[in-house]
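Undergrad: Sequential numbering of the sequence shown, starting at 52, is according to this note's numbering. Ideal Cβ positions, reconstructed from N, Cα and C, are used throughout, including at glycine. Here you go, one structure.
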Amino acid sequence: MKLWKVFKESLRVNIGYLYVFLLDICFISLFYVLFLANRALFDAIMTNPANIANDVFLSNLSKMLIFMLVFVLIVAFLISFFYLLIWKVILNKRINLKGFGKFFLINIAWSVLVLVIFIAAPQIFTDSFLPLFLVIYPLFFIYFTALLTLIYAETLDWRQALKAFGFGMRKLHIGILLLIVFFLTVIILSIPTLLTRYMPVLDSIYSLIAAYFSSLWFRFLFAKVMVGYYKETYKKS
């Protein structure tokens, strides 16, 4: 597959960019509303003088933990819902919720595994290696999460999605190359901030807009490149 050709194709703005933008706005808005509701409930419980008594506090704390669990599940549901739709838009698939149940379960299982590894890391790695692990691990998490969900959206087959890990390691150099392209894009788009550095508000607004639209474009590039390589790899095997 010719990377340069795919790169040029990704620069052609189409209606899919608008759909992904609108889905992102919906997701961010819903997440923000949930965050505010969660914070308001937490503040109400923790600042109410009537909750200082141990028995009342423990009762409310247990309710808070249950609410937090529900909150996490709702967020996981929203992430799965919107990102399945987003990948389908990017991949030019029919926009529906076919395969959503398995997609949601895959996200939950993957998130639990990632959390377990993160918690166990201090016990597994030496103190000298742990800081490096904390830098590399989030990048690997983002990379393999994107591949896992992307390949599932392409195939709607959880068995095929599990191939994302082996495929991701085989094409890790491509992932690193794409990441370098992304950071170079962000740096180039950040050049105008040299002109707005004396206007902090304008600088912040521009930086947010540049970062978002860079990530929007990058998702299209990443999907086209990785799905192309995935099809080539498993067509031959």
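If we count Cβ pairs, one from each stretch, closer than 8 Å, do we get three or more for the region 150 to 164 versus the region 187 to 207?
TA: Yes, they touch.
Undergrad: Which residue from Asp94, Phe122, Leu116, Trp55 puts its Cα closest to that of Phe83?
TA: For clarity, residue 83 is Tyr in the given sequence; the question names Phe instead. When only C-alpha atoms are compared, the closest one is Phe122.
Undergrad: Using CA coordinates, which residue listed in Leu124, Arg270, Pro243 is at the minimum distance from Thr196?
TA: Thr196 has its Cα closest to that of Arg270, out of Leu124, Arg270, Pro243.
Undergrad: Is it right to say Lys139 is buried, meaning 16 or more other beta carbons lie within 10 angstroms of its own, or is it exposed?
TA: Lys139 comes out buried.
Undergrad: Considering only their Cβ atoms, is the gap separating Phe218 from Tyr134 smaller than 7 Å?
TA: It is not a contact, given that the beta carbons lie outside the stated cut-off.
Undergrad: Run through DSSP, which three-state label would Ile159 get?
TA: In this structure, Ile159 counts as helix in the three-state DSSP scheme.
Undergrad: Does Phe348 come out as helix, strand or coil in the three-state DSSP assignment?
TA: Here the chain covers residues 52 to 288 and nothing more, so residue 348 does not appear.
Undergrad: Looking at the unbroken alpha helix (DSSP H) that takes in Phe180, where does it start and where does it end?
TA: Unbroken run through Phe180: none, as it is neither H nor E.
Undergrad: In angstroms, rounded to a whole number, what distance separates the CA positions of Ala127 and Phe118?
TA: If you take the alpha carbons of Ala127 and Phe118, they lie about 14 Å apart.
Undergrad: Taking Cβ to Cβ, would you say Asn158 is nearer than 7 Å to Ser179?
TA: Taking 7 Å as the Cβ cut-off, Asn158 and Ser179 do not qualify as a contacting pair.
Undergrad: Taking the Cβ atom as the reference point for each residue, do Gly279 and Leu207 lie within a distance shorter than 7 Å?
TA: No, Cβ-Cβ distance for Gly279 and Leu207 is not below 7 Å.
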